[in-house]
Ligand SMILES: C[S@@+](CC[C@H](N)C(=O)[O-])C[C@H]1O[C@@H](n2cnc3c(N)ncnc32)[C@H](O)[C@@H]1O
């Protein structure tokens, strides 16, 4: 903590007080978190389906989708509290009540969410993990975790700058016979020319990392698939 900036420390302290941020300890999740299987009812106070953004960073998708799709509950998951702070603060400022954040490693996701609890997953500009394929968020290890919580017909969305991660994901889809619903290697140059308003709205949400890559001329890739 010695070299941590003042702003970051302030955010860490503030995020502790946010009602829309949950920071479970290892002890609390090891045998299954108390809210596992009960997020909608006990946390949001409704019966709406849950959509997750994994590795959400500042949570642009969690916030952007929650603003428009009130009939869903959105939860962003990231290990970095100072990034989550941004999304959580925006929700508080705007009175967005169908979004929350969980500070955890994605690796423990099946301890936090229950069977069939999740309708959709967004992987937004995930680390490509060039040297550690098992750690990629579309590796068989992670897909097996998603299978524990994603309901039948559930959807996984991946939006990425990385050719490596995108190509790897396409190979996984082929190899395991997942159902590919949409694929684009150039979202803004191609997909947006011929898609629905709904997809266009979703694609036009730009994340912090996405903007960094777009500024460098790197194309955004997107795929939507199922794992039933
Ligand atoms: C490249 S950033 C993308 C952040 C954000 N989605 C965006 O597009 O701006 C990757 C994010 O994933 C988080 N992350 C990476 N591996 C993770 C893991 N295993 N569990 C939780 N968060 C992870 C990092 O903390 C970081 O915020």
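In my numbering, the protein residues as written are -1 to 226.
We put the beta carbon where it would ideally sit given N, CA and C, even for glycine.
>> Out of 171, 217 and 161, which one is the CA nearest neighbour of residue 128?
In response: 161
> Smallest Cα separation from residue 176: which of 194, 152 and 185?
Replying inline: 152
>> Taking the beta carbon of residue 154 as the centre, do at least 16 other beta carbons fall within 10 Å, making it buried, or is it exposed?
In response: buried
>> I want to check one thing, is the minimum distance from the CB of residue 76 to the heavy atoms of ligand 1 below 8 Å?
In response: yes
> Grouping DSSP H, G and I as helix and E and B as strand, with all else coil, what is residue 224?
Replying inline: strand
> Does DSSP put residue 133 in a helix, in a strand, or in coil?
Replying inline: helix
> Do you know offhand how far residue 139's Cα is from residue 109's?
Replying inline: 15 Å
> In whole angstroms, what separates the C-alpha of residue 65 from that of residue 213?
Replying inline: 26 Å
> For the region 67 to 86 against the region 48 to 57, are there 3 or more C-beta pairs whose distance is under 8 Å?
Replying inline: yes
> Do residue 62 and ligand 1 come close, with the Cβ less than 8 Å from some heavy atom?
Replying inline: no
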